[in-house]
Amino acid sequence: MIDFACKEFELDDVLKCALNLTKSELDIMNYFLRDTDRWVTTENIATELKLDLSTVQKAVKKLHSNEVLKRSQNNLDNGGYVYIYRIYSRREIKNLIMDIVYTWVNRVDNELDQWIMGEQDKQYSKSEKAPI
Numbered sequence: 018m019i020d021f022a023c024k025e026f027e028l029d030d031v032l033k034c035a036l037n038l039t040k041s042e043l044d045i046m047n048y049f050l051r052d053t054d055r056w057v058t059t060e061n062i063a064t065e066l067k068l069d070l071s072t073v074q075k076a077v078k079k080l081h082s083n084e085v086l087k088r089s090q091n092n093l094d095n096g097g098y099v100y101i102y103r104i105y106s107r108r109e110i111k112n113l114i115m116d117i118v119y120t121w122v123n124r125v126d127n128e129l130d131q132w133i134m135g136e137q138d139k140q141y142s143k144s145e146k147a148p149i
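In structure tokens, the structure reads:
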């Protein structure tokens with residue numbers, strides 16, 4: 018549980034928010050985290066998690082583009098290929114999420130600076146208009 022000001026967050030909620038994941042995408046990420054050394058196909062994931070293959074393919078594509086999953090190409094003996102996926106280390110994912118959090122903190126800091134400047138501008142304009 019993570020406590021931020023007036024709200025508490027489960028770690029899964031932080032992961033979902035930081036990486037902009039759906040519940041299915043988070044479930045697939047957690048599937049990979051159970052065995053971080055294993056390379057798997059989307060077909061294996063769909064079968065094991067009892068999810069539609071297209072749902073898994075879409076989720077894996079997003080997790081790969083978000084740099085949560087590594088992808089490798091296996092060439093098939095009869096021609097063609099299949100992609101296999103493996104998750105990055107927890108430390109690498111933590112670093113990715115912390116970069117996102119720090120970016121958010123900087124945006125909040127900038128917004129608060131603008132908020133302060135806006136208040137100072139109001140106070141300055143009020144003092145200019147005050148009767149002498």
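Numbering (my numbering), first residue to last: 18 to 149. Glycine included, each C-beta is placed from N, C-alpha and C at the ideal position.
**Segment limits, alpha helix (DSSP H) that includes L80** = 70–82 is the extent of the alpha helix (DSSP H) around L80.
**Message:** What does the alpha-carbon distance come out to for the pair E109 and F49?
**Reply:** Roughly 14 Å separates the two Cα atoms.
**Request:** Determine the closest residue to C34 out of D126, E60, D130, N83, with distance taken between C-alpha atoms.
**Result:** Relative to C34, the option among D126, E60, D130, N83 whose CA is nearest is N83.
**Item:** T59, buried or exposed, once every other Cβ within 10 Å from all chains shown has been counted against 16
**Value:** Buried, since its Cβ has 16 or more Cβ neighbours within 10 Å.
**Request:** To the nearest angstrom, report how far apart T14 and L80 are at their CA atoms.
**Result:** No statement about residue 14 is possible, as the shown extent of the chain runs from 18 to 149 and does not include it.
**Item:** Local conformation of K111 per DSSP, three classes
**Value:** Taken through DSSP and simplified to helix, strand or coil, K111 comes out as helix.
**Message:** Taking only three categories from DSSP, how would you classify L86?
**Reply:** Look at L86 here: in three-state DSSP terms it is strand.
**Request:** Assign Y105 to one of three DSSP states: helix, strand, or coil.
**Result:** Of the three classes helix, strand and coil, the one that applies to Y105 here is coil, per DSSP.
**Asked** Tell me which same chain residues have a C-beta within less than 7 Å of the C-beta of E128, skipping the five on either side of it?
**Response** There are no such residues.
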